[in-house]
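The block underneath contains the structure these notes are about, expressed in C-alpha cells.
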Amino acid sequence: MSDTIEKDILRGGQFLVKETKCEDVFTLEDLDEEQKMMRESTKEFVDRELWAHWERFEKKDYAYTEECMKKAGELGLLSVAVPESYGGMGMGFVSTMLVCDYISGATGSFSTAFGAHTGIGTMPITLYGTEEQKQKYVPKLATGEWFGAYCLTEPGAGSDANSGKTKAVLSEDGTYYSISGQKMWISNAGFCNMFIVFARIEDDKNITGFIVENDPENGISLGDEEKKLGIHSSSTRQVFFNETKVPVENMLSERGNGFKIAMNALNIGRIKLAAACLEAQRRIVNEATKYANERIQFKTPIMNFGAIKAKIADMATNAYVDEAACYRAAKNIEDRIAIREASGNSHQEAELKGVEEYAIECSILKVAVSEHVQHTTDEGIQVFGGMGFSADTPMESAWRDARISRIYEGTNEINRMLSVGMLVKKAMKGHVDLLGPATAVGEELMGIPSFETPDFSELFAEEKDLVARLKKVFLMVAGSAVQKFGPDLEKHQMLLMAASDILIQVYMAESAILRTEKNAKRFGEDSQAAQIAMSKLYLYRAVDIIQQKAKEGIVSFAEGDEQRMMLMGLKRFTKYTNQPNVVALRTQIADKVAADNGYTFD
Numbered sequence: 001m002s003d004t005i006e007k008d009i010l011r012g013g014q015f016l017v018k019e020t021k022c023e024d025v026f027t028l029e030d031l032d033e034e035q036k037m038m039r040e041s042t043k044e045f046v047d048r049e050l051w052a053h054w055e056r057f058e059k060k061d062y063a064y065t066e067e068c069m070k071k072a073g074e075l076g077l078l079s080v081a082v083p084e085s086y087g088g089m090g091m092g093f094v095s096t097m098l099v100c101d102y103i104s105g106a107t108g109s110f111s112t113a114f115g116a117h118t119g120i121g122t123m124p125i126t127l128y129g130t131e132e133q134k135q136k137y138v139p140k141l142a143t144g145e146w147f148g149a150y151c152l153t154e155p156g157a158g159s160d161a162n163s164g165k166t167k168a169v170l171s172e173d174g175t176y177y178s179i180s181g182q183k184m185w186i187s188n189a190g191f192c193n194m195f196i197v198f199a200r201i202e203d204d205k206n207i208t209g210f211i212v213e214n215d216p217e218n219g220i221s222l223g224d225e226e227k228k229l230g231i232h233s234s235s236t237r238q239v240f241f242n243e244t245k246v247p248v249e250n251m252l253s254e255r256g257n258g259f260k261i262a263m264n265a266l267n268i269g270r271i272k273l274a275a276a277c278l279e280a281q282r283r284i285v286n287e288a289t290k291y292a293n294e295r296i297q298f299k300t301p302i303m304n305f306g307a308i309k310a311k312i313a314d315m316a317t318n319a320y321v322d323e324a325a326c327y328r329a330a331k332n333i334e335d336r337i338a339i340r341e342a343s344g345n346s347h348q349e350a351e352l353k354g355v356e357e358y359a360i361e362c363s364i365l366k367v368a369v370s371e372h373v374q375h376t377t378d379e380g381i382q383v384f385g386g387m388g389f390s391a392d393t394p395m396e397s398a399w400r401d402a403r404i405s406r407i408y409e410g411t412n413e414i415n416r417m418l419s420v421g422m423l424v425k426k427a428m429k430g431h432v433d434l435l436g437p438a439t440a441v442g443e444e445l446m447g448i449p450s451f452e453t454p455d456f457s458e459l460f461a462e463e464k465d466l467v468a469r470l471k472k473v474f475l476m477v478a479g480s481a482v483q484k485f486g487p488d489l490e491k492h493q494m495l496l497m498a499a500s501d502i503l504i505q506v507y508m509a510e511s512a513i514l515r516t517e518k519n520a521k522r523f524g525e526d527s528q529a530a531q532i533a534m535s536k537l538y539l540y541r542a543v544d545i546i547q548q549k550a551k552e553g554i555v556s557f558a559e560g561d562e563q564r565m566m567l568m569g570l571k572r573f574t575k576y577t578n579q580p581n582v583v584a585l586r587t588q589i590a591d592k593v594a595a596d597n598g599y600t601f602d
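Note that full-length UniProt numbering gives residue 2 to position 2 of the sequence shown, counting from 1, and the numbers run on in steps of one.
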C-alpha cells in the first residue's frame with residue numbers, strides 16, 4: 001500500500017495534460033492469484049448456469065433469473081463490493097470490476113439483475129447509510145437473502161432526474177414519511193424485497209433518498225412486466241406508492257441529499273456498465289470466430305476471406321482496447337480510495353470521493369464501451385449471415401441486449417456532454433490545468449513548425465508522439481470554444497458532443513498503447529505481436545474520428561484567419577510520419593484470433 005500512496009497518481013482528467021508512463025497503468029495481465037481464481041470461479045458459474053441456458057432468458061423466464069441470482073448469492077458473487085463488517089468480501093475496486101465484467105457476458109437479463117442489485121440496489125446503503133441501516137439491510141443483500149431495486153426514474157423525470165414528482169410527507173407525530181408517486185423502468189421490481197426510493201419533501205430544491213421495504217400491504221403495487229426489445233428476463237416494472245409509510249430512520253443520508261446520492265451512484269454505475277460490456281464482446285468474438293472457421297463457402301472457411309478478417313480484427317481490437325481503458329481507470333480509483341483511507345477517511349467517504357475523482361473517465365468508458373459492444377454484436381450477426389438473424393443462435397439476442405447499454409446510467413448523449421463539462425469545471429477549480437497547455441497550443445499554432453524527422457525507432461515512439469498531438473487537438477478545439485462561449489458553452493450541445501468524441505478517442509487509444517507497451521517490456525515484443533497490431537489499428541481509426549469531429553467543431557464556431565489557422569493545426573497535429581498498413585494489421589490480428597479459435601488476450 002505504501003507504494004500506492006507514494007506513487008504520483010494522476011487526478012481525474014489529467015491524462016489529457018500529463019504524460020502517463022506504461023509502468024503506472026494496471027492491466028488484466030497484472031491480476032494476482034486471488035483475482036485470477038475469482039475470475040475462473042465467476043466464469044464457471046456463468047458457463048454452467050447462464051450460458052448453457054441462454055434460451056431460457058429469451059423466453060421471459062423471470063423465475064430463472066431470480067434462481068440464478070440466489071445461486072450467485074450463495075457463491076458470494078453478490079458480496080464482493082460489500083465490506084466484511086456487513087457480511088461481504090470487502091474486495092478492492094479492481095476485483096469488483098472483474099466480477100462485474102465476467103459475470104455479465106452471457107445474457108443481458110442476468111447482468112441487469114446483477115448490476116441493479118449489487119450496484120444501485122445495495123451501494124447507496126453501504127455508502128450513505130447509517131450504521132443501523134447498514135447492519136439491518138446490507139448483510140441480507142450481500143447473501144442474496146434479499147434483493148434490492150432502485151426507484152429514481154418517473155414518467156416525467158428521466159435524464160432530468162431531479163425533477164421527480166414523487167412526494168414524501170412527514171406525519172403529524174414526526175415518526176414516518178408517507179410516500180406517494182409513480183416510478184418506471186424499475187429493474188428487479190418483480191422479485192425485490194427492498195427499494196431505494198427518491199422523493200421530494202415539501203418544495204425542496206433536491207430530492208431525498210429513502211429505504212423502503214417491499215410490502216404490498218403498505219400501499220405498494222406493481223405494473224405488468226414491460227415488453228422490451230431486449231433483456232427479456234430482467235424484471236422491469238412500474239412501481240406505484242400510495243401513501244406508503246416509511247419510518248423517519250429509513251431516510252438515506254440527509255434531507256435533500258438524494259440528487260447527490262443518485263449522481264454518485266451513476267458514476268460508479270457507469271464504469272461498472274462499461275465492465276459489464278467486456279465479456280459480452282469476448283464471447284461474441286469467440287462465437288463468430290468458431291463459426292467463421294467452420295463455415296465453408298466456395299470450398300474454403302469464410303475466415304479466409306478478407307471481408308470476414310476485417311470484421312473479426314475490428315471486433316477483437318475493440319474488446320482489447322476496452323479492457324485496457326476499463327482496468328486502467330479501475331486501478332486509478334482503487335489507488336485513490338487507498339490514499340484517502342490512509343489519510344483518515346472512512347471507507348464510505350474514500351470510495352465516494354475516489355470514484356467521483358474519476359467521473360470524467362467513468363463517462364468516457366460508459367460511452368465508448370457501450371458503443372463498441374453494439375458494433376460487435378452487429379458484426380457478429382453479419383459474420384453468421386442468415387443464421388445470425390435467427391433467434392436459434394445467441395447473436396440475435398446479444399444484439400438486442402446490447403442496445404440498452406447506450407441508455408442505462410445516463411444516455412450516451414448526456415455522458416458525452418458531461419465528460420467535457422466536468423473537465424471544464426475541474427479546470428475552473430484548478431484541479432486540472434487546461435489553461436496553460438491550451439495557451440501553449442495556441443502559441444505553437446502561431447509558430448513555425450519543426451521539419452526535423454524524429455527518431456521513431458523504439459516501439460510506439462511514433463504512436464505516443466501522435467497521441468500527445470491528439471491531446472493538442474482537444475485543447476485547441478475545446479480551448480477556443482470555451483474562450484468564445486464561456487459559461488454558455490453548455491448550451492452548444494453539438495460542439496460539446498464533437499469535443500467529447502475527441503476526448504474519448506484520446507483516452508481509449510492511449511490506454512491500449514500503454515497496456516501493450518507495458519506487456520512488451522516485460523513479456524517481450526514477440527509475445528505481443530497481435531496486441532501491438534491492435535493498438536496501432538485502434539489509433540489509426542481514432543485519428544480518423546478526431547479529424548472529422550475537430551473539423552466539424554472548427555468550421556462551426558471559427559471563421560476567417562482563425563478557422564484557417566486551426567484547420568492547419570489540425571492537419572499538423574494528426575499527421576503520421578509513417579502511415580500504418582491497415583490491411584496488414586487487420587490480417588495479422590484476424591489470423592491470430594483464427595488460430596486461437598477465439599479471443600485469448602485477457
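For each residue, glycine too, the CB sits at the ideal point set by N, CA and C. Every value quoted in this text rests on a predicted model; they were computed, and no experiment measured them.
Per-residue DSSP class, three states only, for residue i
i	result
asparagine 318	helix
asparagine 218	helix
glutamine 297	strand
asparagine 345	coil
asparagine 286	helix
asparagine 267	helix
residue 608	A question about residue 608 goes unanswered here, because the residues of the chain that appear run from 1 up to 602.
proline 437	helix
aspartate 203	coil
methionine 89	coil
lysine 227	coil
serine 419	helix
glutamine 579	coil
valine 593	helix
8 Å Cβ shell around residue i - same chain, five flanking residues per side excluded
i	result
alanine 542	Leu470, Gln505, Val506, Met508 and Ala509
serine 419	Ile360, Ser363, Ile364, Val367, Ser500, Leu503 and Ile504
threonine 175	Pro247 and Val248
glutamine 563	Ile554 and Val555
glutamine 14	Val432
Through-space distance from residue j to residue i, alpha-carbon basis
i	j	result
aspartate 335	glutamate 351	10 Å
glycine 119	alanine 265	8 Å
tyrosine 86	asparagine 412	34 Å
threonine 126	histidine 347	9 Å
glutamate 58	threonine 96	27 Å
glutamate 402	glutamate 525	Glutamate is not the amino acid found at residue 402; the sequence shown has alanine there. Going from the Cα of alanine 402 to the Cα of glutamate 525 covers about 34 Å.
arginine 522	tyrosine 540	25 Å
residue 604	aspartate 203	Any question about residue 604 goes unanswered here, given that the chain covers just 1 to 602.
isoleucine 271	serine 159	18 Å
alanine 124	serine 390	According to the sequence shown, residue 124 is proline rather than alanine. Roughly 40 Å separates the two Cα atoms.
serine 221	glutamine 182	10 Å
threonine 27	arginine 282	16 Å
alanine 42	alanine 113	The question names alanine, but residue 42 in the sequence shown is threonine. Between threonine 42 and alanine 113, the C-alpha separation is close to 16 Å.
leucine 152	asparagine 332	29 Å
histidine 53	lysine 227	21 Å
glutamine 238	glutamate 154	9 Å
alanine 274	serine 527	27 Å
threonine 122	leucine 141	7 Å
threonine 574	leucine 466	7 Å
glycine 442	glutamate 23	31 Å
glycine 269	proline 216	29 Å
In DSSP terms, what residue i is bridged to
i	result
serine 237	The amino acid at residue 237 is misidentified as serine; the sequence shows arginine. Answer is Ile186, bridged to arginine 237.
alanine 209	Position check: residue 209 holds glycine in this sequence, whereas alanine was assumed. According to DSSP, glycine 209 bridges with Phe198 and Leu252.
proline 247	Tyr176
Beta-carbon contacts of residue i that lie in its chain and below 6 Å, excluding the five residues immediately before and after
i	result
residue 663	Any question about residue 663 goes unanswered here, given that the chain covers just 1 to 602.
valine 593	Thr289, Ile312 and Ala316
valine 94	Ala330, Lys331 and Glu334
Spatial neighbours of residue i in its chain, beta-carbon cut-off 7 Å, leaving aside the 5 residues before and after
i	result
valine 17	Val432, Asp433, Leu434 and Pro437
asparagine 214	Cys192, Asn193, Met194, Phe195 and Ile220
Residue i: CB within 8 Å of a non-hydrogen atom of the ligand MG
i	result
leucine 475	As for the ligand MG, it is missing from this structure, which has no ligand bound.
Chain C contact for residue i (CB, 9 Å cutoff)
i	result
methionine 263	Absent from the structure is chain C; it holds one protein chain and no more.
Review point. What alpha helix (DSSP H) runs, 4 residues minimum, are completely inside the stretch 116-193?
Key: The stretch 116-193 contains these whole alpha helix (DSSP H) runs: 123-128 and 131-143.
Practice item. Enumerate, from N- to C-terminal direction, the unbroken alpha helix (DSSP H) stretches of 4 or more residues contained entirely within the stretch 369-401. Key: 386-389
Review point. What are the complete alpha helix (DSSP H) segments, minimum 4 residues, inside the UniProt domain "Acyl-CoA dehydrogenase-like C-terminal" (470-572)?
Key: 493-523 and 529-557
Practice item. Give, in chain order, every unbroken run of the alpha helix (DSSP H) that is at least 4 residues long and sits entirely within the stretch 38-107. Key: 54-58, 62-74 and 93-103
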